Amino acid sequence: MTEILRLNKTERGDGPPLLILHGLYGSSANWSRHARWLAERHRVILPDLRNHGRSPHHPRMDYPAMAADLVQLLDDCGCAQALVMGHSMGGKAAMALALEHPERVSGLVVADIAPVDYGTEDHGHDGILAAMAGVDLDGISHREQVDAALAKAVDSPMVRQFLLTNLQRGEQGWEWRIPVAILRQALPTLMGFPDYDGQYAGPALFIHGERSDYVQAAQTDAIRRLFPHAEITAVAGAGHWLHVEQPERFAEALDAWLRRR
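Last residue of the sequence shown: number 278 in the numbering used here, and the count goes up by one each step with no gaps.
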């Protein structure tokens, strides 16, 4: 039986509920920029998924467990239904929720991920988690040292700064806020996706970066098999971090779809 975790969350705005789910290494804070304009018409609910942000840690890290946490969150918020949007790992959690509990999802937005097993294509995550695990935090006196240590394995300054949002001072000194060992062990599961037989027949938008290799023509069959009413659109000039790399174009595409709901 799944041990359900009560997730940390923030909220803003009023109106139909909109649940926004961050990706791997992320937190609710990642979506603050878009939450501001979305809150003009929606009650925006921003949770930290299990093993992320300020939510509890647990050795079980898979999409059915995350979906169960989200059902509890909707219950705690008094939401019979919500629009659900997720990026990357959060997109897979959103898809799992929609497939397991379609009655709780009034509409689905999935950002730059598909319902497939990416297999050995870990997109560099194994190296990232190994680099985080390899940093000797006991010998660290300031954040720049951690950035320099990560740079040996993580070339992108943007990705390193994103990872450093998880660095915090604890009672014993610097520590990672996320449980790196748990995430590293769970990585094959997170790169995969459960084998669902049913479909989510509600409205769905799959929005991906034009330059991303997470959603390509090969994945569209899997999307349409599980989400028969899915609209699939690309954001020009964006990679995997489409909502950060091209925030205006992402917002325009998302807003156009939301206004038709």
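Using N, Cα and C, we set each Cβ at its ideal position, and we do this for glycine too.
Since this is a predicted model, take the numbers as computed values, not measurements.
The C-beta of residue 169 has fewer than 16 other C-beta atoms within 10 Å across all chains shown, which makes the residue exposed. Judged by DSSP in its simplified three-state form, residue 54 adopts helix.
Counting the other Cβ atoms within 10 Å of the Cβ of residue 177 gives 16 or more, which makes it buried.
In this structure the segment 92 to 108 lies against the segment 36 to 46, because at least three pairs of beta carbons, one per stretch, are closer than 8 Å. The Cβ-Cβ distance between residue 129 and residue 231 falls below 8 Å. For the segment 147 to 233, the full-length alpha helix (DSSP H) segments reaching 4 residues or more read 160 to 168, 174 to 181, 197 to 208 along the chain. Annotation: the continuous beta strand (DSSP E) that includes residue 104 extends over 99 to 104.
Per DSSP, residue 64 lies in no alpha helix (DSSP H); the unbroken beta strand (DSSP E) holding it starts and ends at 60 to 64. Taking 8 Å as the upper bound for CB-CB distance, residue 255 and residue 262 are in contact here, some 5 Å apart. Across the structure, residue 79 and residue 278 are spaced so that their CA atoms are roughly 30 Å apart.
Looking at the backbone, the Cα of residue 200 and that of residue 208 are separated by about 11 Å. Annotation for residue 261: the continuous alpha helix (DSSP H) segment containing it runs 259 to 262.
According to DSSP, residue pairing for residue 243 in a beta bridge does not occur.
Distance between residue 55 and residue 156, taken at the CA atoms: about 42 Å.
Between the C-alpha atoms of residue 218 and residue 242 there is a straight-line separation of about 10 Å.
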